[in-house]
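Below is one structure, written out as structure tokens, with a few remarks after it.
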Amino acid sequence: MHIFIPTVLTLLSFPYLIAACPGHLAARQAASSATSPFLLGDDPPAALATLGYTINHFALNVNDLDSMVTFYRDVLGLRHIFTYTASLTYTVAYLGYSHGGKNGTGYQTGAELYAEMNNAEGLLELLYHNATNSVNGSSALPFLPSTKIANTFSHIGLVVPDIEAAQRRMESQGVSIVKLTGEPIAWGSEGAKAFGLDEAHWAREAARAALQGITEIGFDSYMLIKDPDGNLVEVQQQVPGGA
């Protein structure tokens, strides 16, 4: 859905290739031969016709709007920008961090965040279909997250200045943790499914080889958690100089 949005989350499908630990990244950069599994981008400047383009937001279909807003606001620190009741059965909500994309970059009111939405990046849109309030009394099946069945949505990427402190805070808040920092990601786990490495799409040995490959660029240092709907959130340690 196209609506307006402040900088908030790192949302690339494979952020472990982008924000890998400095030591791993340096090693990959040094291994510049054609046989290296790590390939740095060397695209020319983008076409002038795309000047000003930016990824404004991403959206989730949700099963419980209140619990999702509470999680992203109270656990991950996003700010509630607005909620719009489009009909008796359909509601749209937006959240985002203050201008600059990180908490601590300056407080903004909801009105100020809303005014900048169209010039912002990485906001979160929540789309809620309230089947129980349907005018025709129909009900709908719940949306299944990628931790239950691999689909085209993988995960949300969050960068924090201190992953150990973030982990302790999330544990104290009862957040559903799929993988602690320092732990490997296991074949058949919810985390593996969210990365598309499930039994339906991969042979066991091929999936294990893929999992081993991502551990070599620092994936074990990440933490994986779930939001109330079961969507995976990958938490990375901020890399010095990568702010």
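Reading the sequence shown from the start, the letters are residues -20 to -1, 1 to 223 in mature numbering (1 follows the signal peptide of the UniProt record, and there is no 0). Even glycine gets a Cβ: it sits at the ideal position worked out from N, Cα and C. Here the structure is a predicted model, which is why all the values come from computation and not from measurement.
Enclosing beta strand (DSSP E) for residue i [first to last residue]
i, result
"Lys159", "156 to 159"
"Arg149", "That residue, Arg149, is in no beta strand (DSSP E); its alpha helix (DSSP H) goes 143 to 152."
"Leu138", "135 to 140"
"Tyr108", "103 to 109"
"Leu204", "203 to 206"
"Phe62", "59 to 65"
"Leu212", "212 to 217"
"Glu26", "Looking at the sequence itself, residue 26 is Ala, so the reference to Glu does not match. No beta strand (DSSP E) contains Ala26, which DSSP labels as neither H nor E."
"Asn41", "37 to 42"
Buried or exposed (CB count within 10 angstroms, at least 16 for buried), residue i
i, result
"Tyr33", "exposed"
"Pro(-15)", "The pLDDT assigned to Pro(-15) is 40, lower than 50, so where the model puts this residue is not dependable; a value taken from the coordinates is nonetheless given after this. By the neighbour-count rule (16 or more Cβ atoms within 10 Å), Pro(-15) is buried."
"Glu214", "buried"
"Ala187", "buried"
"Pro24", "exposed"
"Ser134", "buried"
"Asn99", "exposed"
"Ala126", "One point to set straight first is that residue 126 is Ser, not Ala, in the sequence displayed. Under this definition Ser126 is a buried residue."
"Leu68", "exposed"
"Asp54", "exposed"
"Ile205", "buried"
Element boundaries [alpha helix (DSSP H), containing residue i]
i, result
"Lys173", "170 to 174"
"Glu179", "No alpha helix (DSSP H) contains Glu179, which DSSP labels as neither H nor E."
"Thr50", "45 to 50"
Backbone CA spacing between residue i and residue j [nearest angstrom]
i, j, result
"Ser16", "Tyr202", "23 Å"
"Leu160", "Ala29", "43 Å"
"Ala174", "Tyr64", "29 Å"
"Ala172", "Ser156", "16 Å"
"Ser78", "Thr85", "7 Å"
"Asn211", "Asp22", "32 Å"
"Ser152", "Ala26", "45 Å"
"Arg184", "Ala95", "49 Å"
"Gln147", "Phe199", "16 Å"
"Asn83", "Pro220", "17 Å"
"Lys128", "Pro122", "12 Å"
Top-ranked residue by Cα proximity to residue i, from the options
i, options, result
"Leu93", "Val42, His135, His60, Asp209", "His60"
"His37", "Ile136, Met48, Ala26, Thr195", "Ile136"
"Gly102", "Thr195, Leu138, Ser156, Asp209", "Leu138"
"Gly90", "Asn98, Asn83, Leu75", "Leu75"
"Asp209", "Asn110, Gln147, Asn43", "Asn43"
"Tyr70", "Pro122, Tyr108, Lys128", "Tyr108"
"residue 253", "Pro141, Gly57, Ser169, Gly162", "What is shown of the chain runs -20 to 223, which leaves residue 253 out entirely."
"Phe18", "Asn83, Gly193, Lys206", "Gly193"
"Pro141", "Ala39, Leu20, Gln217, Asp46", "Gln217"
"Asn110", "Ala166, Asp46, Asp207, Asn131", "Asp46"
"Ile143", "Leu20, Phe51, Leu56", "Leu56"
"Pro164", "Ala180, Ala189, Ala145, Leu20", "Ala189"
Taking only runs that begin and end inside the region 70 to 96, name each unbroken alpha helix (DSSP H) of 4 or more residues, in chain order.
90 to 95
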